[in-house]
Amino acid sequence: MTQTNTFEPDDRAVPFVDEGEGPVTLALVTHRDLAADGLGVISHYLAEEAGFRVVRIGARAAARELTASERAADAVDVLDHLGIADTWIGGHGFGGTIARTLAAEHHDRINGLLLLGVEDADIAPAPGIPVLIIQASDDEITPAAHAEALQRTAPERISLTRIPNADHFFPATHPIETAVVIEEYLDWD
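11 is the number of the first residue of the sequence shown in our numbering; add one for each residue after it.
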């Protein structure tokens, strides 16, 4: 069983899971509780089978809704706490929006961006970094049109891969297929 840790800067309790070791580091930001984020199998596969270091960063308990920028700051604090100076950053749905915000605000420490489904957010791609979008074929919550629009903004560095016969919850329903796409893409980095 993977152990959840808590980093508590300035009375903020930010949960995170850190597993694996390796030359590639991937931080995944989730908008849900870590136990129910649907990214656990993907993370475990990438840590155990691909030899990546994977850090999943959850949401702190808050009396109000946190902005993507506040969540990005929490993620940066966890990465600093773990001594991670640069990483790939990613997320699913709103977690991807947080990752996009983090990449835009801290692009100097981001190696690349991984988006599992793309929300319709007005966030320009961070300059100079590669982006991998994994999109479910039948996603009605974050439809393919959002991913395609983002890809058109920088087609030379934004790759789009589709998971067939999958809906918005593809990270949980198609975890190995999703993890293999990530592994194959990040192996070149």
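Glycine included, C-beta positions come from ideal geometry on N, C-alpha and C.
As the structure is a prediction and not an experimental result, all values here were calculated from the model.
- Counting the other Cβ atoms within 10 Å of the Cβ of ILE143 gives 16 or more, which makes it buried.
- Taking C-alpha positions only, GLU29 is separated from GLU158 by approximately 32 Å.
- Just so you know, the alpha carbons of ALA189 and GLU58 end up roughly 11 Å apart.
- For ALA23, same chain residues with a beta-carbon under 7 Å away, outside a window of 5 residues either side, are THR16, ARG70 and ALA71 in chain order.
- Bridge partners of ALA60 according to DSSP: none are assigned.
- Below 8 Å, enough C-beta pairs join the region 31-46 and the region 72-89 to call them touching: three or more.
- DSSP, read as helix, strand or coil, puts GLY105 in helix.
- THR77 counts as exposed, since fewer than 16 other beta carbons sit within 10 angstroms of its beta carbon.
- For a cut-off of 8 Å, the C-beta gap from ARG63 to LEU44 is around 16 Å, too long to register as a contact.
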